[in-house]
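Peer 1: Here's a structure for you.
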Amino acid sequence: LAIVYKNKLPGNIYYKNKNILNWIIAGLKFWSLIQHKDGSFDEFYPNERGWVGPTAFTTFSSIEALNLIYDDVDEYDLVIIKNTIKKSCDFIIKGESEEDHLANHHAMACLAVWKSYKLLGDKKILMGYESLWKNFLTYCDLDEGWSREYDGIDPGYLSATISFLGKIYQDNKDPRILDVCK
Numbered sequence: 784l785a786i787v788y789k790n791k792l793p794g795n796i797y798y799k800n801k802n803i804l805n806w807i808i809a810g811l812k813f814w815s816l817i818q819h820k821d822g823s824f825d826e827f828y829p830n831e832r833g834w835v836g837p838t839a840f841t842t843f844s845s846i847e848a849l850n851l852i853y854d855d856v857d858e859y860d861l862v863i864i865k866n867t868i869k870k871s872c873d874f875i876i877k878g879e880s881e882e883d884h885l886a887n888h889h890a891m892a893c894l895a896v897w898k899s900y901k902l903l904g905d906k907k908i909l910m911g912y913e914s915l916w917k918n919f920l921t922y923c924d925l926d927e928g929w930s931r932e933y934d935g936i937d938p939g940y941l942s943a944t945i946s947f948l949g950k951i952y953q954d955n956k957d958p959r960i961l962d963v964c965k
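Here's what the structure looks like:
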């Protein structure tokens, strides 16, 4: 919705449509309401408190939507949404409890936390990103050019990992990211 609200595309009846904006903000505020006190979100089961699936993915997508409509959101709603993002980061930075050994999950955790840092400018989030990044690198075989998914390589998830890292690299030209992608 944020994409069609923000972009003047041919035949786009939703461009700058106030109802669409209200729905986007309502969605972000609902996302805030369903967050657990520890910063996590449920994927499917109540009280599941998932690390990447529900928490990192929704944090990243919420940041992307918020970035598109930022100037059209009132200060009160911005505070609510930013607080939710901060709490999500705190949860993600603590690390996985599932011990899934999936590089793509660790890359997504890095992406959500990096984008949170870019939005909020909080140095603690940047430190959390660096910690997550170092952990992500333990899943990479840079000599052979693959990242571990469970106990081996998976080309499909490898492409997801590269996609997540590419999104970080768009505004973080850290050569370590490029090395992994190459």
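Residue numbers for the sequence shown follow the working numbering, beginning at 784 and rising by one. C-beta: ideal position from N, C-alpha, C; glycine also.
(1) So, with DSSP's three-state summary, where would you put Glu847?
(2) What did DSSP end up calling Trp814 once you bin it into helix, strand or coil?
(3) Rounded to a whole number of angstroms, what is the C-alpha to C-alpha distance between Gly810 and Asp926?
(4) Taking Thr838 and Ile868 to be in contact with their CB atoms under 8 Å, please state how far apart those CB atoms are, rounded to whole angstroms.
(5) Short of 8 Å in beta carbon distance, which residues of its chain neighbour Asn790, apart from the five on each side in sequence? Order them along the chain.
(6) Taking the alpha helix (DSSP H) that Glu879 falls in, what are its first and last residues?
(7) What is the DSSP secondary structure of Phe827, reduced to helix, strand or coil?
(8) Give the straight-line distance between the Cα atoms of Phe840 and Ala943, rounded to the nearest whole angstrom.
(9) Taking only heavy atoms of the ligand MG into account, decide whether any of them is closer than 7 Å to the Cβ of Pro938.
(10) For Asp883, tell me which candidate among Phe824, Ala785, Leu816 and Gly836 has the shortest Cα-Cα distance.
(11) Let me check one thing: in DSSP terms, what residues is Cys923 bridge-paired to?
Peer 2: Let me lay it out:
(1) Working through the sequence shown from its first residue, we reach residue 847 at position 64. The answer is helix: DSSP assigns Glu847 an H, G or I state.
(2) Locating residue 814 in the sequence shown gives position 31, counting from the first residue. Reduced to three states, the DSSP call for Trp814 is helix.
(3) Translated into positions along the sequence shown, residue 810 becomes position 27. Translated into positions along the sequence shown, residue 926 becomes position 143. The straight-line gap from Cα to Cα measures roughly 43 Å.
(4) Numbered from its first residue, the sequence shown carries residue 838 at position 55. Numbered from its first residue, the sequence shown carries residue 868 at position 85. Actually they do not touch by this definition, with Cβ atoms about 11 Å apart.
(5) Numbered from 1 along the sequence shown, position 7 holds the residue referred to as residue 790. So the qualifying residues of the chain are Tyr798.
(6) As a working note, residue 879 is residue 96 in the sequence shown. Counting along the chain, Glu879 falls outside any alpha helix (DSSP H), and DSSP gives it neither H nor E.
(7) As a position in the sequence shown, residue 827 is number 44, starting the count at 1. In this structure, Phe827 counts as coil in the three-state DSSP scheme.
(8) Position 57 of the sequence shown, counted from the start, is the residue given in the question as residue 840. Position 160 of the sequence shown, counted from the start, is the residue given in the question as residue 943. Computed Cα separation, rounded: 12 Å.
(9) Of ligands this structure carries none, so the ligand MG is not represented either.
(10) Position 100 of the sequence shown, counted from the start, is the residue given in the question as residue 883. Of Phe824, Ala785, Leu816 and Gly836, the residue nearest in Cα terms is Gly836.
(11) Translated into the one-based positions of the sequence shown, residue 923 becomes position 140. Its beta-bridge partners are Ser930.
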